[in-house]
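Residue numbers (the UniProt record's numbering): 1 to 235. Where is the CB? At the ideal position from N, CA and C, for every residue including glycine. Since we're looking at a predicted model, the values are computed, not measured. Presented below is the structure to which this report refers.
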């Protein structure tokens, strides 16, 4: 479904990605783990068109995304839940969800998808007319995920969905992601809680200094002593 081939990304003189290659297959959950500054966020931003690779290819099926603008990439079925949520605080929950449908032409199905989001996230249904800026941090993260669902994408990119949330809300977010995947959406997940990310994921990649240094099934990565010491902490 999604393939990165030797992708390099630079920010001026700083090389953020140095030949990153990875694959995400249809129906999978794939986790990207690594320390701060390893290149995880840049990888997602390159896929969604927010930064342009200096070299390499990003393939979505047979389409090369490397030179496409972000709006065209979103319209092809790739949604992005960014770090920090980036919701529109002065708009209501419902307005945030509707705004995500700008690239869709199937207007008659938009209401059906809103109801799907509300069935997955009943807390948002209760707050549909509330300004997004007045929601709690966990509710804002749910709204960011719900907004991504409104694109009806085939793959969702998630950047640190548990950041800043209490443990009970983190567990709720991960239950939501498991259900979204069960319903057919492929997930590419960047997450500071490496243990929970790998427990959810089918496979994982470890990034260090803009390079993939290790990859494999999640169970193998969790059992790897180097990964456990660097990223998993105490059991």
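If you draw a straight line from the Cα of residue 182 to the Cα of residue 80, it is about 18 Å long. The continuous beta strand (DSSP E) containing residue 23 extends over residues 14-24. With respect to residue 206, residue 20 sits apart: the two C-beta atoms are not nearer than 8 Å. Of 34, 172, 116, 67, the smallest CA-CA separation from residue 141 is found for 172. Taking a C-beta distance under 8 Å as the contact criterion, residue 187 and residue 47 do not qualify as a contact pair. Membership of residue 94 in the alpha helix (DSSP H) is indicated by the continuous run 93-99. Listed in chain order, the alpha helix (DSSP H) elements of length 4 or more contained wholly in the stretch 139-201 are 167-182, 194-200.
The continuous beta strand (DSSP E) containing residue 79 extends over residues 78-81. Ranked by Cα distance from residue 149, the options 39, 75, 127 are led by 75. By the neighbour-count definition (other C-beta atoms within 10 Å, threshold 16), residue 193 is a buried residue. When DSSP reads this structure, residue 57 sits in a beta bridge with 5. When C-beta atoms of the stretch 215-233 are compared with those of the stretch 145-164, fewer than three pairs fall below 8 Å, so the two segments do not count as touching.
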